[in-house]
Amino acid sequence: MNKTLASLRRSMVAILRAFDWDARTLARTYGPGKWTAKEILGHLTDCELVSLMRLKFLLAADQPAVPPMDQNDWAKRFAYRKQNLKLMKESFRALRANLIALMKSATPQDLARRGMHPEVPHYTVRWLIEDTAKHNVHHLEQLAAIKAGRTWNSPG
Numbered sequence: 219m220n221k222t223l224a225s226l227r228r229s230m231v232a233i234l235r236a237f238d239w240d241a242r243t244l245a246r247t248y249g250p251g252k253w254t255a256k257e258i259l260g261h262l263t264d265c266e267l268v269s270l271m272r273l274k275f276l277l278a279a280d281q282p283a284v285p286p287m288d289q290n291d292w293a294k295r296f297a298y299r300k301q302n303l304k305l306m307k308e309s310f311r312a313l314r315a316n317l318i319a320l321m322k323s324a325t326p327q328d329l330a331r332r333g334m335h336p337e338v339p340h341y342t343v344r345w346l347i348e349d350t351a352k353h354n355v356h357h358l359e360q361l362a363a364i365k366a367g368r369t370w371n372s373p374g
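Note that this note's numbering has the sequence shown beginning at 219, numbered continuously upward.
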């Protein structure tokens, strides 16, 4: 779990830096029809909210239902391009700091706590945190491509 927490700390720094990019870079995409950098940052902020909420439910309840999140519905409904970038950045920073603080104090029993998710049969605290870290790396690759002015294709 130490490696995962280190990854979450590193990605936090990189993501927070991206919030400070100039407006032109934030408006670019990594490919035709793909999200802009600002939309990716909005998505990451909302994912942080959802991850923290899921984590708290997993830690506080016995096998809670874990709601799925349709990222495209969220992006459309919350119009990330129109969101206040400063508020998104403050939210991301606070949510990630809370997630890391909770994970630093997690016991092995906490990491094994389960929830019921319709798409993930073995949904545990450990799985959630590791998936969050992988998800960040995925979007940081997209953001790096945007910053460099190049396209990005999913490796999978």
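Even glycine gets a Cβ: it sits at the ideal position worked out from N, Cα and C.
It should be emphasised that the depicted structure is a prediction, and the values quoted were computed from it without experimental measurement.
For Thr-243, the first and last residue of its enclosing alpha helix (DSSP H): Taken as a continuous stretch (DSSP letters only), the alpha helix (DSSP H) holding Thr-243 covers 241–244.
4 or more residues per run - each alpha helix (DSSP H) lying fully within the segment 308–342: You should have 326–330.
Chain-order list of residues whose beta-carbon lies under 7 Å from that of Lys-307 (same chain, five-residue window excluded): Leu-234, Phe-237.
Nearest neighbour of Arg-332, chosen from Leu-262, His-356, Leu-273 [CA to CA]: When only C-alpha atoms are compared, the closest one is Leu-273.
Meets three-Cβ-pair contact criterion under 8 Å: the segment 247–254 and the segment 360–369: Look at the beta carbons and you see the segment 247–254 touching the segment 360–369: at least three pairs across the two are nearer than 8 Å.
Backbone secondary structure at Thr-369 - three-state DSSP: When DSSP states are grouped into helix, strand and coil, Thr-369 belongs to the coil group.
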